[in-house]
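Asks: Residue numbering for the sequence shown follows the working numbering, beginning at 15 and increasing consecutively.
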Amino acid sequence: MQISKDIHWVGSIDWELRNFHGYSTPQGSSYNAYLILDEKPTLIDTVKAAGFEEMISGIRKVIDPAKIQYIISNHTEMDHSGSIEEMLKLCPNAEVVCSPKGEEGLRKHFRKDWKFKVVKTGDKLRIGKRELEFFLTTMVHWPDSMATYSGKDATLFSNDAFGQHVAAKERFVDDADSEFIFKEAAKYYANIVLPYGVQVLKALEALGTLNLGTIAPSHGFIWRKDADIQRIISLYGKWARHETEAKAVIVYDTMWHSTETMAATLGEFLEGEGVPVKMMDLQTNHISDVITEVMFSKAVFLGSPILNNRMLPTMGAFLTYMKGLKPKNRVGLTFGSYGWSKGGFKELEEGLKDSGIELIGEGRYIQFIPSGEDLAGLRSIAQTAKKRLSK
Ligand code: FEO
């Protein structure tokens with residue numbers, strides 16, 4: 015599909031994908047590769063190995079693949095580099111353009127001595143009428159990540175940055191339900207990019223000097239409406255600075271409804287204090303959706319009962335995930351019900367602290383079924399949270 019004069023989308027759509035290394039993808043995904051027709055035809059990124067046939071069939075509709083002179087690998091992860099080896103069989107003289115870490119990564123993935131052209135920020139590559147410019151976007155989200163810019167087309171090929179895991183027939187944000195796409199872009203950021211706020215701000219500063227008419231990411235829809243481009247860049251800045259809303263998310267699981275009752279009561283008290291609340295039960299919500307709510311929320315409450323002297327495994331899995339994604343500038347507290355041992359609450363508290371969330375008080379733990387008095391005692395948590403959220 016032609017996305018502008020001389021630039022064609024030649025990616026593949028993964029309609030069936032439901033899990034991307036632990037990230038739930040109910041809408042599937044796409045792997046976007048772009049072909050620039052110029053004196054030296056250039057392919058920007060490839061697709062997952064399984065999508066190679068779809069990609070090559072798209073390329074063949076436009077050009078003989080043997081004519082491709084450069085394959086730009088913005089990122090080594092196999093959803094984008096997975097078809098380079100097959101591609102090079104059809105254009106064996108093509109050079110593989112990548113960052114220094116990209117070369118290291120590609121060599122260790124494929125164990126092949128391809129013709130590498132290693133670039134760094136500010137390097138330029140003339141492909142004919144166009145000069146492509148490269149920007150290392152280190153740790154957004156791998157050490158090798160980079161973006162490629164074509165000034166002639168005012169187009170940034172941003173790779174994972176600004177992407178969304180959605181499979182669709184439409185290619186442009188403004189041809190689809192843009193509010194849904196912004197939501198998916200938020201989920202993508204929360205699950206893939208959240209730990210790298212400092213690096214995102216650095217990348218935004220470098221890219222801020224460019225004339226951006228189009229941002230073409232490697233997943234999902236392409237941004238081309240100025241208002242959408244400004245909005246997604248501004249949201250990336252907000253998320254990178256860990257700016258949150260004055261609201262709370264209560265993440266919990268339960269065995270015999272006691273922790274659930276505590277969660278519901280805490281939720282009511284918070285709403286009574288004017289704090290909007292999102293209830294996220296770990297039995298019905300995927301951790302990748304829960305972390306998206308955490309990204310939006312200033313306050314994070316975790317509730318688990320005790321099973322075999324530990325927190326419930328669902329909470330353990332969520333904490334492992336959240337610790338890796340390192341949310342900052344948030345406050346929280348733990349709660350739960352126990353039978354005869356409170357041992358697991360220590361690891362629940364430690365887990366919240368290790369995620370980078372400041373505890374705003376002692377955890378609230380109730381034996382067996384909470385009494386009316388026990389539940390009423392949760393009101394003070396809501397009051398403390400309200401004060402912290404009002405600061
Ligand atoms: Fe879409 Fe980091 O790969």
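Note that beta-carbon positions come from the ideal geometry of N, C-alpha and C, so glycine has one too.
(1) Throw me the rounded Cβ distance for the Arg-255 and Gly-211 pair, which I believe falls under 8 Å.
(2) Would you mind listing the alpha helix (DSSP H) stretches within the stretch 324 to 356 that are 4+ residues and don't spill past its ends, in chain order?
(3) Quick test of your reading: Asn-46 and Ala-230, contact by CB under 8 Å. State the CB separation rounded to the nearest angstrom.
(4) Whole angstroms is fine: what's the gap from Trp-354's alpha carbon to Gln-381's?
(5) Could you pull out every residue in the same chain whose Cβ sits closer than 8 Å to the Cβ of Leu-362, ignoring the five residues on either side in sequence?
(6) My assumption, with CB atoms under 8 Å, is that Gly-96 sits in contact with Thr-60. Please give the rounded CB distance.
(7) Suppose you measure from the CA of Lys-197 to the CA of Phe-310; what does that come to, to the nearest Å?
(8) Measure from the alpha carbon of Val-345 to the alpha carbon of each residue in Val-111, Glu-257 and Met-160, then state which is nearest.
(9) By the three-class DSSP mapping on this structure, what secondary structure does Leu-249 have?
(10) Taking the CB atoms as reference points, tell me whether Ile-77 and Leu-104 lie closer together than 8 Å.
(11) Helix, strand or coil for Thr-162? Go by DSSP, reduced to three states.
(12) Cβ of Ser-394 versus every heavy atom of the ligand FEO: is any distance shorter than 7 Å?
(13) If you run the structure through DSSP and keep just helix, strand and coil, what is Asp-78?
(14) Any heavy atom of the ligand FEO closer than 7 Å to the CB of Asp-174?
(15) Would you say the beta carbon of Ser-232 is closer than 7 Å to some non-hydrogen atom of the ligand FEO?
(16) With DSSP run on the structure shown, which of helix, strand or coil describes Arg-238?
(17) Between Trp-237 and the ligand FEO, is there a pair consisting of the residue's CB and a ligand heavy atom that are separated by less than 7 Å?
(18) With respect to 7 Å, is the separation between the Cβ of Glu-198 and the closest non-hydrogen atom of the ligand FEO below this value?
(19) To test your reading of the DSSP string, which unbroken alpha helix (DSSP H) runs of 4 or more residues are found completely within the stretch 199 to 229?
(20) Report the residue from Gln-178, Tyr-352 and Leu-296 whose alpha carbon sits nearest the alpha carbon of Lys-235.
(21) Thinking Lys-292 and Glu-307 are a contact (beta carbons under 8 Å), I'd like their distance in whole angstroms, please.
(22) What did DSSP end up calling Met-276 once you bin it into helix, strand or coil?
(23) Let me check you understand the geometry: is the CB of Glu-118 closer than 7 Å to at least one non-hydrogen atom of the ligand ZN?
(24) Is Val-154 near Val-111, with beta carbons less than 8 Å apart?
(25) According to DSSP, what are the bridge partners of His-300?
(26) For Thr-152, which of helix, strand or coil comes out of DSSP?
(27) Please list the terminal residues of the continuous alpha helix (DSSP H) segment that includes His-123.
(28) Of the choices Ile-98, Gly-116 and Ile-383, whose alpha-carbon is the least far from that of Ala-108?
(29) Would you mind reading off the limits of the alpha helix (DSSP H) that contains Arg-402?
(30) Count Cβ pairs between the stretch 112 to 130 and the stretch 61 to 71 that sit closer than 8 Å; are there 3 or more?
(31) At a threshold of 7 Å, does Asp-93 count as lining the ligand FEO (C-beta to nearest heavy atom)?
(32) Could you tell me which of Val-133, Tyr-202, Lys-129 and His-89 sits nearest to Pro-157, measuring between CA atoms?
(33) Pairing CB atoms from the stretch 126 to 140 with CB atoms from the stretch 15 to 30, are three or more of them under 8 Å?
(34) Under three-state DSSP, which class holds Lys-131?
(35) Looking at the strands, I want to know which residues DSSP matches up with Gln-16.
(36) Comparing C-alpha positions only, which one of His-35, Gln-41, Leu-139 and Arg-185 sits nearest to Val-24?
Replies: Taking the coordinates as given:
(1) On the sequence shown, residue 255 is found 241 positions in, with the first residue counted as 1. On the sequence shown, residue 211 is found 197 positions in, with the first residue counted as 1. Sure, about 7 Å apart at Cβ, within 8 Å.
(2) Contiguous alpha helix (DSSP H) elements confined to the stretch 324 to 356 occur at 327 to 339, taking only those with 4 or more residues.
(3) Start at 1 with the first residue of the sequence shown, and residue 46 comes out as number 32. Start at 1 with the first residue of the sequence shown, and residue 230 comes out as number 216. With a beta-carbon spacing of about 7 Å, Asn-46 and Ala-230 fall inside the 8 Å limit used to define contacts.
(4) As a first step, residue 354 must be located in the sequence shown, where it is residue number 340. As a first step, residue 381 must be located in the sequence shown, where it is residue number 367. Between the alpha carbons of Trp-354 and Gln-381 lies a distance of about 7 Å.
(5) Taking the sequence shown and counting its residues from 1, one reaches residue 362 at position 348. The answer, listed in chain order, is Leu-316, Ser-318, Met-325, Met-329, Leu-333, Thr-348, Gly-350 and Gly-377.
(6) The residue you call residue 96 lines up with position 82 of the sequence shown. The residue you call residue 60 lines up with position 46 of the sequence shown. About 7 Å separates the beta carbons of Gly-96 and Thr-60, which is inside the 8 Å limit, making them a contact pair.
(7) Within the sequence shown, residue 197 is the residue found at index 183, counting from 1. Within the sequence shown, residue 310 is the residue found at index 296, counting from 1. Each residue's alpha carbon lies about 11 Å from the other.
(8) Translated into the one-based positions of the sequence shown, residue 345 becomes position 331. The shortest Cα separation from Val-345 among Val-111, Glu-257 and Met-160 belongs to Glu-257.
(9) Here residue 249 is taken as the residue at index 235 of the sequence shown, counted from 1. Note: Leu-249 maps to helix in three-state DSSP.
(10) As a position in the sequence shown, residue 77 is number 63, starting the count at 1. As a position in the sequence shown, residue 104 is number 90, starting the count at 1. Remark: C-beta atoms of Ile-77 and Leu-104 do not approach each other more closely than 8 Å.
(11) If you number the sequence shown from 1, residue 162 lands on position 148. Here Thr-162 sits in strand by DSSP.
(12) Position 380 of the sequence shown, counted from the start, is the residue given in the question as residue 394. Distances taken from the Cβ of Ser-394 to the heavy atoms of the ligand FEO include none shorter than 7 Å.
(13) As a working note, residue 78 is residue 64 in the sequence shown. It is coil, neither helix nor strand.
(14) In the sequence shown, residue 174 corresponds to position 160, counting from 1. Result yes, Cβ under 7 Å from the ligand FEO.
(15) Translated into positions along the sequence shown, residue 232 becomes position 218. At least one heavy atom of the ligand FEO is found less than 7 Å from the C-beta of Ser-232.
(16) Numbered from 1 along the sequence shown, position 224 holds the residue referred to as residue 238. For Arg-238, the three-state secondary structure derived from DSSP is coil.
(17) Numbered from its first residue, the sequence shown carries residue 237 at position 223. Incorrect: Trp-237 has no Cβ contact closer than 7 Å to the ligand FEO.
(18) Position 184 of the sequence shown, counted from the first residue, corresponds to residue 198. Answer for Glu-198: no, Cβ out of range of the ligand FEO.
(19) Whole alpha helix (DSSP H) segments, 4+ residues: 211 to 221.
(20) In the sequence shown, residue 235 corresponds to position 221, counting from 1. According to the sequence provided, residue 235 is Phe. The question's Lys does not apply to it. The candidate whose alpha carbon is nearest that of Phe-235 is Gln-178.
(21) On the sequence shown, position 278 is the one that residue 292 refers to. On the sequence shown, position 293 is the one that residue 307 refers to. Taking a contact as a CB-CB distance under 8 Å, the pair Lys-292 and Glu-307 counts as one, their CB atoms being some 5 Å apart.
(22) By 1-based counting over the sequence shown, the position of residue 276 is 262. The answer is helix: DSSP assigns Met-276 an H, G or I state.
(23) Annotation note on the ligand ZN: not contained in the displayed structure, which lists the ligand FEO as its ligands.
(24) As a first step, residue 154 must be located in the sequence shown, where it is residue number 140. As a first step, residue 111 must be located in the sequence shown, where it is residue number 97. Result no, Cβ atoms of Val-154 and Val-111 do not sit closer than 8 Å.
(25) In the sequence shown, counting from the first residue as 1, residue 300 sits at position 286. Looking at the DSSP assignment, His-300 forms no beta bridge with any residue, so it has no partner.
(26) Looking up residue 152 in the sequence shown gives position 138. It is coil, neither helix nor strand.
(27) Within the sequence shown, numbered from 1, the residue matching residue 123 stands at position 109. For His-123, the enclosing alpha helix (DSSP H) has its first and last residue at 114 to 124.
(28) To locate residue 108, count along the sequence shown from 1; it is residue 94. Per the Cα distances, Ile-98.
(29) Indexing the sequence shown from 1 puts residue 402 at position 388. First-last of the alpha helix (DSSP H) with Arg-402: 393 to 404.
(30) Flag = no, the stretch 112 to 130 and the stretch 61 to 71 do not touch.
(31) Taking the sequence shown and counting its residues from 1, one reaches residue 93 at position 79. Yes, the Cβ of Asp-93 comes within 7 Å of a heavy atom of the ligand FEO.
(32) Sequence index remark: in the sequence shown, residue 157 carries index 143 (1-based). Nearest to Pro-157 by alpha-carbon distance, out of Val-133, Tyr-202, Lys-129 and His-89, is His-89.
(33) They do not touch, by the three-pair rule.
(34) Along the sequence shown, one-based indexing puts residue 131 at 117. Here Lys-131 sits in strand by DSSP.
(35) The residue you call residue 16 lines up with position 2 of the sequence shown. DSSP lists His-22 as partners of Gln-16.
(36) The residue you call residue 24 lines up with position 10 of the sequence shown. Comparing Cα positions, the closest option is Arg-185.
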